[in-house]
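For the sequence shown, my numbering gives the first residue as 2, with consecutive numbering after it.
Using N, Cα and C, we set each Cβ at its ideal position, and we do this for glycine too.
Everything numeric in this text was worked out from a predicted model, so none of it was measured.
Structure record follows, encoded as structure tokens.
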Amino acid sequence: MKKDYSYILTNTSGKVIGMIPPQYVDFLTRKLDDIDELQLTIPKYIENRITFEKEEYFLYKEILNERVILLNNEAFIIKDIQDKGEDYLVITAFSKEIKLQKIDIKFEEAYVRLFTANLDDNIFSLNDLLYEQTGWRVGYVEENIAYTITTNEDGSINKEENIRWQDSVNTNWYDYLHKTIAEQFNAFIFFNTSNKTINLYSEKNYGERLGLYLAKDQYITEITKKTDSSDITTRLELIGDEEMDIVGATVTGYSFLENFSYYIENREMSDELIDALALYYKMVEIRTPEWNELQKVKLEKQSLLYDKQRDFANIEANIIACDSMIKSYNAVKDSVNEALWVTKKAEYIDQETIYKNEIKKLQDEIALLDEAILNITLLCKKETATDENGKLIFTTTLLDELKEFVSTDTYQEDSFLRVEDFIEAGKLKLEKICRPTNSFSISVINFMARLLDNDFRKHWNGVIGLGDIIILYDKETKHEELIFLTEYTQDFSENELSLTLSNKKKSSDNARDIADLLRDAKYTARSLNAKNYLLMREKYNKL
2 MKKDYSYILT NTSGKVIGMI PPQYVDFLTR KLDDIDELQL TIPKYIENRI
52 TFEKEEYFLY KEILNERVIL LNNEAFIIKD IQDKGEDYLV ITAFSKEIKL
102 QKIDIKFEEA YVRLFTANLD DNIFSLNDLL YEQTGWRVGY VEENIAYTIT
152 TNEDGSINKE ENIRWQDSVN TNWYDYLHKT IAEQFNAFIF FNTSNKTINL
202 YSEKNYGERL GLYLAKDQYI TEITKKTDSS DITTRLELIG DEEMDIVGAT
252 VTGYSFLENF SYYIENREMS DELIDALALY YKMVEIRTPE WNELQKVKLE
302 KQSLLYDKQR DFANIEANII ACDSMIKSYN AVKDSVNEAL WVTKKAEYID
352 QETIYKNEIK KLQDEIALLD EAILNITLLC KKETATDENG KLIFTTTLLD
402 ELKEFVSTDT YQEDSFLRVE DFIEAGKLKL EKICRPTNSF SISVINFMAR
452 LLDNDFRKHW NGVIGLGDII ILYDKETKHE ELIFLTEYTQ DFSENELSLT
502 LSNKKKSSDN ARDIADLLRD AKYTARSLNA KNYLLMREKY NKL
């Protein structure tokens, strides 16, 4: 967040026309997941400072649609001009990425990576395609968004660029980036209009610094809270590519994910059900490593089995070929070559016997692994889950009570190639919709004189910016609420600042939730000590 801006009007090609005085700027709105907006009021006449006579303002006639206003090199495009016949123009400009809404993107059935293309394998590079069609490029991307990084058994690092399947794309570039790419790669996308690049940040790494204590006092002029649970979901059915095995990839054997956090945290359930769920989740966590190890061994044996079966099929084909050659040489009475092929056939038959036994052994071992895996899965299903002593965790009464808290939705996405990535995306989505959305609209007396900026993004005192955490404190009830700063409007004409705060970073379902922080140990510690930490900074940051 900046206190002061310079405003320069240019034509579409970048030629400078003139500088707009700050007193003509009405407001600037910044949004975490939408296009920034700027409004100005340009007078037709101004007073000559020397003669004190009224004269026409030279920039009045230069205000044209699609011209550019630079805010410290950030480009805003003039989209709306209102002339109300009162000798002034009201101008609305939007951040330059709005132009991407008018550039279409269309293609069918292809893979997309952020950087590297392989056209022989029908893999497109988002960076290349974006530049070719729009002139923009992919800029900074956090490593965990662009790549899947794993550690091999020998300790070496394996770094593989993430890839997503695109079935049918027929939209504009802004929506494709802001909706499709952002969701498929679980990222926030920010547009750098000064160099025409898009930057991708993970939800966990963008913002979330804790440093502002916002209390009801003489600074706040208005506060409105809205809580909406119309879309609350506790069970999310996953539907991926038709070849993706969701059931086989989960220790519970369910094709859906569940999250009852909201009802547990608010103790809407009976104490018995809350305790049963806690024990159930604990037992699932204990049993998951063994299940994973069995799955790993099974995959290794399945791979070996496929190789054996392929070789066995080749041996059988060779035996058939030998029979054909033996028959041919027998027909021409060539006993020498016939004997050679009889010998080859015998060798293949010996190999066939060996492979049959090896295949049978592998099939038996896989069957035993399947049985062991199924046994663990049964222990991880609520209906048959047991504690460490073999006692059922849920009674029929508790299972019936749990049904009262089940609300379902479906997450269908066929872009993921790895089932693990799809399940993680499903968990992230469910964490956002398993609880109500809390939003706050706050108007405060403008405190811009206390704001500093580090030229990376908007901050007050270099500590709080869009996506960061504010603690909203009600002195009357002594209640504290952790919320994200998702939007702000600087009203320069009225000297006011309006803040929009929410427990979700974005309005979309896949946004990171404030509750995510409380599941992270380092943020839990911060939350418990938040008041003490912030009070130490109160003389600088408290509003």
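field: Run of the alpha helix (DSSP H) containing I275, from where it starts to where it stops
entry: 272-332
task: Take T438 as the anchor and find which of D232, S195, N196 has the nearest alpha-carbon.
output: Cα-wise, what sits closest to T438 is D232.
- request: Express the C-alpha separation of E384 and H480 in angstroms, rounding to a whole number.
  value: Here the alpha carbon of H480 sits roughly 39 Å from the alpha carbon of E384.
query: How should R50 be labelled, buried or exposed, when 16 other C-beta atoms within 10 angstroms of its C-beta is the threshold for buried?
result: exposed
query: Where do the ends of the beta strand (DSSP E) carrying G19 lie?
result: 17-21
field: First through last residue of the alpha helix (DSSP H) which encompasses Q102
entry: Where Q102 is concerned, there is no enclosing alpha helix (DSSP H), given that its DSSP letter is neither H nor E.
query: Whose CA, out of K32, T181, V17, lies closest to the CA of L467?
result: When C-alpha distances from L467 are compared across K32, T181, V17, the shortest belongs to K32.
message: Within 10 Å of its beta-carbon, does A314 have 16 or more other beta-carbons around it, so buried, or fewer, so exposed?
response: A314 sits exposed, since fewer than 16 C-beta atoms from the chains shown fall within 10 Å of its C-beta.
message: So, under 8 Å CB-CB, L431 and L258 are touching, yes? Tell me the CB distance rounded to an integer number of Å.
response: Right, the Cβ-Cβ distance comes to about 5 Å (below 8 Å), so this counts as a contact.
query: Once you ignore the five residues that flank D81 on each side, which residues in its own chain have a CB closer than 6 Å to its CB?
result: Only T93 meet the Cβ criterion.
- prompt: With 16 as the cutoff for other CB atoms within 10 Å, does F77 come out buried or exposed?
  reply: Burial is judged here by how many other beta carbons sit within 10 angstroms of a residue's own beta carbon; F77 has at least 16 and is buried.
- prompt: Between the Cα of L90 and the Cα atoms of D27, L127, D105, G140, which residue gives the shortest distance?
  reply: D27
- request: Thinking L295 and I367 are a contact (beta carbons under 8 Å), I'd like their distance in whole angstroms, please.
  value: I367 and L295 do not touch by the CB rule: their CB atoms are close to 11 Å apart, not below 8 Å.
message: Let's see if you can read the secondary structure: which residues bound the alpha helix (DSSP H) around S157?
response: Element bounds for S157: n/a, residue is neither H nor E.
- request: Taking N267 as the reference, give the member of I321, R436, I36 with the closest Cα.
  value: R436
query: CB-CB under 6 Å to E482, same chain, minus the five flanking residues each way: which ones, in chain order?
result: L473
message: Assuming the contact rule is C-beta atoms closer than 8 Å, Y349 and D312 should be a hit. Round their C-beta distance to whole Å, please.
response: 11 Å between Cβ atoms; not a contact.
- prompt: Are the beta-carbon atoms of L380 and M284 separated by less than 9 Å?
  reply: yes
task: Within 10 angstroms of the Cβ of Y8, are there 16 or more other Cβ atoms? Answer buried if so, exposed if not.
output: buried
message: Does the structure place the segment 248-257 close enough to the segment 364-378 that three or more beta carbon pairs sit under 8 Å?
response: yes
message: On the criterion of 16 or more Cβ atoms from any shown chain inside 10 Å, does Y46 qualify as buried, or is it exposed?
response: exposed
- prompt: Going by the CB atoms, is the gap between D388 and L280 shorter than 9 Å?
  reply: yes
field: Test item: CB-CB of I316 and Q352 under 9 Å
entry: yes
task: Run the CB neighbour count on T411, radius 10 Å, all protein chains shown included, and call it buried at 16 or more, exposed below.
output: By the neighbour-count criterion, in which 16 or more other beta carbons inside 10 Å mark a residue as buried, T411 falls on the exposed side.
query: Looking at C-beta atoms only, is the number of pairs between the segment 95-103 and the segment 150-168 that lie closer than 8 Å three or more?
result: no
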